[in-house]
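Here's the structure we're looking at; comments come further down.
There are 2 protein chains.
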Amino acid sequence: MTTTLGHTLLGLLAARPSTGYDLARQLRRPVGYFWSAGHSQIYPELARLEGDRLVRHTVVAGAGPRETKRYRVTAAGRRALRTWLLATTPEVDDREILLRVYLLFALSPAEAVGVVEAVREHHRRTLGEYLANRSVVDPTTRDWGPDVTSRATLDWGIAFEEGRIQWCDSVIADLRRRSGGMPPGSAT
Amino acid sequence: MTTTLGHTLLGLLAARPSTGYDLARQLRRPVGYFWSAGHSQIYPELARLEGDRLVRHTVVAGAGPRETKRYRVTAAGRRALRTWLLATTPEVDDREILLRVYLLFALSPAEAVGVVEAVREHHRRTLGEYLANRSVVDPTTRDWGPDVTSRATLDWGIAFEEGRIQWCDSVIADLRRRSGGMPPGSAT
DNA sequence: TTCGGCATGTAACGGGTTACATGATTGA
DNA sequence: TCAATCATGTAACCCGTTACATGCCGAA
Numbered sequence: 001m002t003t004t005l006g007h008t009l010l011g012l013l014a015a016r017p018s019t020g021y022d023l024a025r026q027l028r029r030p031v032g033y034f035w036s037a038g039h040s041q042i043y044p045e046l047a048r049l050e051g052d053r054l055v056r057h058t059v060v061a062g063a064g065p066r067e068t069k070r071y072r073v074t075a076a077g078r079r080a081l082r083t084w085l086l087a088t089t090p091e092v093d094d095r096e097i098l099l100r101v102y103l104l105f106a107l108s109p110a111e112a113v114g115v116v117e118a119v120r121e122h123h124r125r126t127l128g129e130y131l132a133n134r135s136v137v138d139p140t141t142r143d144w145g146p147d148v149t150s151r152a153t154l155d156w157g158i159a160f161e162e163g164r165i166q167w168c169d170s171v172i173a174d175l176r177r178r179s180g181g182m183p184p185g186s187a188t
Numbered sequence: 189m190t191t192t193l194g195h196t197l198l199g200l201l202a203a204r205p206s207t208g209y210d211l212a213r214q215l216r217r218p219v220g221y222f223w224s225a226g227h228s229q230i231y232p233e234l235a236r237l238e239g240d241r242l243v244r245h246t247v248v249a250g251a252g253p254r255e256t257k258r259y260r261v262t263a264a265g266r267r268a269l270r271t272w273l274l275a276t277t278p279e280v281d282d283r284e285i286l287l288r289v290y291l292l293f294a295l296s297p298a299e300a301v302g303v304v305e306a307v308r309e310h311h312r313r314t315l316g317e318y319l320a321n322r323s324v325v326d327p328t329t330r331d332w333g334p335d336v337t338s339r340a341t342l343d344w345g346i347a348f349e350e351g352r353i354q355w356c357d358s359v360i361a362d363l364r365r366r367s368g369g370m371p372p373g374s375a376t
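So this is what it looks like as structure tokens:
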């Protein structure tokens, strides 16, 4: 049972072998914009992943007072990452969605399309829920109070979900271009 | 030193006196869309707030095996909530921003404008950071890999921040209308 | 009669953040 | 010489989630 952080590290190492220190740096910026972790989490997690044979390390010359360990992902690690990315998970939070999209490079563009389509569907459902809620609270409240501010946050939620759906569409379009495939049923 | 959850409860109780159970229900839906908490957090937090004299409870007849306690916020509690909302906090996460906007009803519309303007400024700065990052990674990558997915998440971040800024503008406009005031310097 | 909602509380667990600890090299 | 970067690790603490515990009432 590997955690989200575990899969994050697997993904970063799949892109390029790194030291724990280096992973910590990537998890501040730019990955840190949507997923972060401190080195105190990373080092123990790397040890755990190595115990599960999902990563391996070699000692290289370095500047620190301890050994410098360069980690790389194993074949089993790549499989674990793929399995996690392909698993349909309906109830993931927004940060994890961004993380998963970032890690999609571990799949083929064709496989990635399916994942993003599931994400899109999730947002479509949430949007429906918000719209239903809005029609309940709607009666153009004139008095200053919780109804007004509640409405403001609901409006944000609606704008957010609409934005996400558009973004999913553009990512899906890009992915289809990259998988070299025409959309199924096209005749050009 | 009252926590975010503490201020959330203060805010909900400022809107209407409630039992802990009722607060837990509100923190699932609709407030739960952006801020959630389980009852196991809420009951101890209510006890702490009462210790600080920010809330008070009265025992009412109820259905449970234990006493049913109806909480209401004290004058000191209202002051604490106002102080927290008015404090300039640059480094708050997105969920907390939504929460703060939801709780703005505890301020006057005129005061609320200032808070939302600070939020807007924060998003403007973050957007600038993202745009700077994007121009670095920009060279229309053709190869499938981390650069493509990283770009996709950056694009989301940009769309998100732009959406937030627009939302802030519309909230500010609404707030100004409600505070009955012309924007400072207007001559009509 | 059994299930779900009301109603409160404690305990255990897991993950994230902060602080402590060590120490060489490089540039201002 | 002083600060920052590289580099790894542990310990304490806080917060949120899940599970345990209790028990009445109304509806199906």
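So the sequences go chain by chain: R and A. In terms of the numbering used here, the first sequence opens at residue 1 and continues consecutively. In terms of the numbering used here, the second sequence opens at residue 189 and continues consecutively. Note that CB positions come from ideal geometry on N, CA and C, so glycine has one too. Keep in mind it's a predicted model, so treat the numbers as computed, not measured.
Pick from A:Ile360, A:Tyr318, A:Arg204: whose alpha carbon is nearest that of A:Val303? A:Ile360
Please go through the same chain and pick out, in chain order, the residues whose beta-carbon is closer than 6 Å to the beta-carbon of R:Arg134, but skip the five residues on each side of it. Leu154
Roughly how many angstroms separate the alpha carbons of A:Ala268 and R:Leu107, rounded to a whole number? In a straight line, the C-alpha of A:Ala268 is about 50 Å away from that of R:Leu107.
Using the beta-carbon of each residue, which ones in chain A are nearer than 7 Å to R:Gly207? Here chain R comprises residues numbered 1 to 188, so residue 207 of chain R is not present and cannot be evaluated.
State the Cα-Cα distance for the pair A:Thr207 and A:Arg213, rounded to the nearest angstrom. 10 Å
What does A:Tyr259 reach in chain R if we use C-beta pairs closer than 9 Å? Within 9 Å Cβ-Cβ: nothing; A:Tyr259 doesn't reach chain R, min ~16 Å.
In DSSP terms, what A:Ser338 is bridged to: According to DSSP, which records beta bridges pairwise, A:Ser338 is partnered with nothing at all.
With a threshold of 16 other CB atoms inside 10 Å of the CB of R:Gly77, please say whether the residue is buried or exposed. Counting C-beta atoms within 10 angstroms of its own C-beta, R:Gly77 has 16 or more neighbours from the protein chains shown and is therefore classed as buried.
How do the region 236-254 of chain A and the region 213-228 of chain A stand: do at least 3 beta-carbon pairs fall below 8 Å, yes or no? no
Which class does A:Arg260 belong to by DSSP, given the choice of helix, strand or coil? The three-state secondary structure of A:Arg260, taken from DSSP, is strand.
Between the CA atoms of R:Thr68 and R:Ile158 - distance to the nearest angstrom: 48 Å
Give me the Cα-Cα distance between R:Thr141 and A:Phe293, rounded to the nearest whole angstrom. 13 Å
Between R:Asp103 and R:Gly6, how many whole angstroms is the CB-CB distance? I'm expecting something under 8 Å. For clarity, residue 103 of chain R is Leu in the given sequence; the question names Asp instead. Not quite, the Cβ-Cβ distance comes to about 12 Å (not below 8 Å), so this is no contact.
Going by beta carbon distance, what residues of the same chain come within less than 7 Å of R:Arg82, once the five residues before and after it are set aside? Ala106, Leu107
Can you find a C-beta in chain R that's less than 9 Å from the C-beta of A:Ser206? no
May I ask you to list the residues that DSSP assigns as paired with R:Thr58? R:Arg70
Should R:Val148 be flagged as near chain A, meaning a C-beta pair shorter than 9 Å? yes
Are A:Pro297 and A:Ser367 closer than 9 Å when you measure CB to CB? If you check the CB distance, A:Pro297 and A:Ser367 come in under 9 Å.
Does DSSP put A:Ser206 in a helix, a strand or coil? strand
Could you compute how far the alpha carbon of A:Ala202 sits from the alpha carbon of A:Arg260? Pairing A:Ala202 with A:Arg260, the inter-Cα distance amounts to about 7 Å.
Does any residue of chain R bring its CB to less than 9 Å from the CB of A:Arg352? When Cβ-Cβ separations below 9 Å define contact, A:Arg352 makes contact with chain R.
Does DSSP put A:Arg312 in a helix, in a strand, or in coil? helix
Note the first and the last residue of the continuous alpha helix (DSSP H) segment covering R:Tyr43. Per DSSP, R:Tyr43 belongs to the alpha helix (DSSP H) from 39-51.
Check for me: the alpha helix (DSSP H) holding R:Asp94 runs from which residue to which? 94-102
Alpha carbon to alpha carbon, how far is A:Gln229 from A:Phe348? Taking the straight line joining both Cα atoms gives about 31 Å.
Does R:Gly114 have its Cβ less than 9 Å from a Cβ in chain A? no
Relative to the C-alpha of A:Leu234, which residue among A:Leu197, A:Ala263, A:Pro205, A:Arg204 is closest? Closest option to A:Leu234, judged by alpha-carbon separation, among A:Leu197, A:Ala263, A:Pro205, A:Arg204: A:Leu197.
Does DSSP put A:Trp332 in a helix, in a strand, or in coil? Secondary structure of A:Trp332 (DSSP, three-state): coil.
Rounded to the nearest angstrom, what separates A:Glu284 and R:Val60 at their Cα positions? 43 Å
Tell me whether R:Ala152 is buried or exposed, calling it buried when 16 or more other Cβ atoms sit within 10 Å of its Cβ. buried
Leaving out the 5 sequence neighbours to the left and right, which residues in its chain are closer than 8 Å to R:Tyr43 when beta-carbon positions are compared? Once the five neighbours on either side are set aside, the close Cβ partners of R:Tyr43 are Gly20.
Would you mind sorting R:Arg100 into buried or exposed? The rule is 16 or more other CB atoms within 10 Å of its CB. buried
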